[in-house]
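Respectively, the protein sequence lines represent chains A and B.
Residue numbering for the first sequence follows my numbering, starting at 1 and increasing by one per position.
Residue numbering for the second sequence follows my numbering, starting at 101 and increasing by one per position.
Ideal placement from N, C-alpha and C gives every residue a C-beta, glycine not left out.
So the structure is just underneath, and the comments pick up after that.
There are 2 protein chains.
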Amino acid sequence: MPRVVVHVMPKPEILDPQGKAVAAALPRLGFEGISSVRQGKRFELEVEGEVTDEVLNHLREAATTLLSNPVIEDVVALEVEEGRA
Amino acid sequence: MPRVVVHVMPKPEILDPQGKAVAAALPRLGFEGISSVRQGKRFELEVEGEVTDEVLNHLREAATTLLSNPVIEDVVALEVEEGRA
């Protein structure tokens, strides 16, 4: 069954308190050299049947309306992973 | 500045209520043909300097200890994006 992976990130101009918290915690825990962290979401969708261009366009619409909040988030990538069991 | 992208997903045996909620909402909103959804996290880390193997191993350790909860989550991928502004 093919899988479509949707990557969602906060828009660059939006403050990301989760990312900031991680960035602040890293040096405290001994991990230096990271100047910035941003946290987003990753969705794995198992698709029934073939992923045609039509299905992908449909999923892109779902990604921008349901999986992300278009006011504060961008869908940065939509990847198809074919040929899985 | 190079960027390292860390992908974290709930372990396969762990229930994913967020993913289940999304999977249930999709058909209600007119998106059919998705059999399962799982929701994870995506972190973008801006790294100061070059991403050597040593830095990457260090970041992998950070990813498994700080960016994910190893009891319920897996770090499924660690990607390096070089040559960014």
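Taking R60(A) as the centre and dropping the five residues before and after it, the same chain places the C-beta of V75, L78 closer than 8 Å to its C-beta, in chain order.
Per the DSSP secondary-structure output, E81(A) pairs in a beta bridge with R3(A). When DSSP states are grouped into helix, strand and coil, L56(A) belongs to the helix group. Annotation for G40(A): the continuous beta strand (DSSP E) segment containing it runs 34–47. For D16(A), the number of other beta carbons within 10 angstroms of its own is at least 16, and it is reported as buried.
When C-alpha distances from T164(B) are compared across Q18(A), F31(A), A24(A), the shortest belongs to F31(A). Per DSSP, P112(B) is not a residue of any alpha helix (DSSP H), being assigned neither H nor E. In this structure G40(A) is not in contact with M1(A), their Cβ atoms being roughly 25 Å apart against a cut-off of 8 Å. From the beta-carbon of I172(B), no residue of chain A is found nearer than 8 Å; the closest lies around 15 Å away. Interface with chain B (8 Å Cβ-Cβ cutoff): K41(A) is included. One alpha carbon belongs to L167(B), the other to V22(A), and they sit about 8 Å apart. In the structure shown, V151(B) adopts coil according to DSSP, grouped into three states. With the criterion set as a beta carbon lying under 8 Å from some beta carbon of chain B, the members of the stretch 26–41 of chain A are L26, L29, F31, G33, I34, S35, S36, V37, R38, Q39, G40, K41, in sequence order.
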